[in-house]
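**Q** I have a structure here, written as structure tokens, and I will follow up with some questions on it.
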Amino acid sequence: AQSVTQPDIHITVSEGASLELRCNYSYGATPYLFWYVQSPGQGLQLLLKYFSGDTLVQGIKGFEAEFKRSQSSFNLRKPSVHWSDAAEYFCAVGALYNNNDMRFGAGTRLTVKP
Amino acid sequence: GAGVSQSPSNKVTEKGKDVELRCDPISGHTALYWYRQSLGQGLEFLIYFQGNSAPDKSGLPSDRFSAERTGGSVSTLTIQRTQQEDSAVYLCASSFRLAGNNEQFFGPGTRLTVL
Numbered sequence: 001a002q003s004v005t006q007p008d009i010h011i012t013v014s015e016g017a018s019l020e021l022r023c024n025y026s027y028g029a030t031p032y033l034f035w036y037v038q039s040p041g042q043g044l045q046l047l048l049k050y051f052s053g054d055t056l057v058q059g060i061k062g063f064e065a066e067f068k069r070s071q072s073s074f075n076l077r078k079p080s081v082h083w084s085d086a087a088e089y090f091c092a093v094g095a096l097y098n099n100n101d102m103r104f105g106a107g108t109r110l111t112v113k114p
Numbered sequence: 115g116a117g118v119s120q121s122p123s124n125k126v127t128e129k130g131k132d133v134e135l136r137c138d139p140i141s142g143h144t145a146l147y148w149y150r151q152s153l154g155q156g157l158e159f160l161i162y163f164q165g166n167s168a169p170d171k172s173g174l175p176s177d178r179f180s181a182e183r184t185g186g187s188v189s190t191l192t193i194q195r196t197q198q199e200d201s202a203v204y205l206c207a208s209s210f211r212l213a214g215n216n217e218q219f220f221g222p223g224t225r226l227t228v229l
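Protein chains in written order, with this note's numbering: chain A, 1 to 114; chain B, 115 to 229.
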């Protein structure tokens with residue numbers, strides 16, 4: 001079964017600084033990869049997803065992520081963080097032929113300093 | 115259109131009581147999922163339903179947990195004889211179908227507190 005590791009439990013960045021959230025996955029075939037964001041008291045919202053093709057994917061709110069097969073990674077980036085980006089971020093991996101089709105990482109909590 | 119809705123948004127109960135959590139998926143979505151999110155933890159898969167197929171219950175933590183989905187739409191997660199360790203946010207999600215490349219749409223969750 002697939003699995004996801006988010007090495008950073010909590011990250012603090014200054015507003016306007018760049019951001020990179022790490023995600024490593026384990027899966028024997030080409031994975032389907034997702035990043036979700038959860039604002040306080042809210043459900044999860046999809047930021048972006050990768051299925052195939054261009055390994056650099058663009059998402060909403062100015063986020064992007066790059067799939068690197070050799071590193072089994074799907075790191076999330078944003079060039080300039082806004083205070084409203086403070087939230088919990090979850091990486092997830094899905095597998096087409098696995099009936100239990102989604103595994104989530106433990107999440108990374110992002111704090112944005114003024 | 116309407117998203118996934120869950121009720122109640124908050125539930126406080128006493129240890130040993132039974133609770134029922136409700137999820138209304140997006141209309142037309144055949145797959146429905148329940149997750150548990152404990153403080154500082156990721157999402158723990160509990161159970162999913164796909165159409166009329168038998169649900170995958172492999173994530174249910176104990177036999178105190180059960181879920182049903184009536185008419186392929188609304189789902190109810192029941193926790194019997196609640197324990198303090200059951201305190202968590204319970205999230206429901208639905209997707210158009212069960213496949214790894216289908217986006218799951220999440221409800222706002224039910225925050226359960228067991229005293």
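Every residue gets a Cβ at the ideal spot worked out from N, C-alpha and C, and that includes glycine.
Given the structure is predicted, the values throughout are model-derived calculations rather than measurements.
Is DSSP giving residue 185/B helix, strand or coil here?
**A** Against the second sequence, residue 185/B aligns to sequence position 71. In the structure shown, residue 185/B sits in a helix (DSSP, three-state: H, G or I).
**Q** Return the first residue and the last residue of the beta strand (DSSP E) that residue 125/B is part of.
**A** Stepping through the second sequence from its first residue, residue 125/B is reached at position 11. Taken as a continuous stretch (DSSP letters only), the beta strand (DSSP E) holding residue 125/B covers 124-127.
**Q** For residue 85/A, is the classification buried or exposed, using 16 other Cβ atoms within 10 angstroms of its Cβ as the cut-off for buried?
**A** Within the first sequence, residue 85/A is the residue found at index 85, counting from 1. With 16 or more other Cβ atoms within 10 Å, it is buried.
**Q** Check each residue of the region 19-52 of chain A: if its Cβ is closer than 7 Å to any Cβ of chain B, include it; give the result in chain order.
**A** Within the region 19-52 of chain A, the residues whose Cβ lies closer than 7 Å to some Cβ of chain B are 32, 42, 43, 44, 46, 49, 51, listed in chain order.
**Q** Can you check whether the C-beta of residue 67/A is within less than 9 Å of a C-beta belonging to chain B?
**A** Stepping through the first sequence from its first residue, residue 67/A is reached at position 67. Output row for residue 67/A: interface = no.
**Q** Which of the three DSSP states, helix, strand or coil, is assigned to residue 18/A?
**A** For this step, residue 18/A is matched to residue 18 along the first sequence. Residue 18/A: coil per DSSP, three-state reduction.
**Q** Which chain B residues sit within Cβ distance under 9 Å of residue 107/A?
**A** Looking up residue 107/A in the first sequence gives position 107. Here the neighbours are 151, 154, 155, 156, 157.
**Q** Buried or exposed for residue 151/B, please, with buried defined as at least 16 other CB atoms from any protein chain shown within 10 angstroms of its CB.
**A** Numbered from 1 along the second sequence, position 37 holds the residue referred to as residue 151/B. Classification for residue 151/B: buried.
**Q** Can you name the start and end residues of the beta strand (DSSP E) that residue 138/B belongs to?
**A** For the purposes of this step, residue 138/B is taken as residue 24 along the second sequence, with counting starting at 1. Where residue 138/B is concerned, the enclosing beta strand (DSSP E) stretches over 133-138.
**Q** Which residue wins for smallest C-alpha separation from residue 161/B, given the options 199/B, 155/B, 183/B, 222/B?
**A** Counting from one through the second sequence, the residue named residue 161/B turns up at place 47. The option with the nearest alpha carbon to residue 161/B is 183/B.
**Q** Can you tell me whether DSSP reads residue 69/A as helix, strand or coil?
**A** Numbered from 1 along the first sequence, position 69 holds the residue referred to as residue 69/A. It is helical.
**Q** State the start and end residues of the unbroken beta strand (DSSP E) segment that holds residue 206/B.
**A** Counted from its first residue, the second sequence places residue 206/B at position 92. That run of the beta strand (DSSP E) goes 202-209.
**Q** Using a Cβ-Cβ cut-off of 9 Å, state whether residue 147/B counts as contacting chain A.
**A** As a position in the second sequence, residue 147/B is number 33, starting the count at 1. So yes, residue 147/B belongs to the interface.
**Q** Buried or exposed: residue 216/B, going by 16 or more other Cβ atoms within 10 Å of its Cβ?
**A** The count along the second sequence starts at 1 and reaches residue 216/B at position 102. Per the 10 Å Cβ criterion, buried.
**Q** CB of residue 173/B to nearest heavy atom of the ligand NAP: below 8 Å?
**A** For the ligand NAP, the structure offers nothing, since it holds no ligand at all.
**Q** As a quick exercise: from 70/A, 44/A, 18/A, pick the residue whose alpha carbon is nearest that of residue 62/A.
**A** Locating residue 62/A in the first sequence gives position 62, counting from the first residue. Nearest C-alpha to residue 62/A: 18/A.
**Q** Does residue 199/B come out as helix, strand or coil in the three-state DSSP assignment?
**A** The residue labelled residue 199/B in the question sits at position 85 within the second sequence. Helix at residue 199/B.
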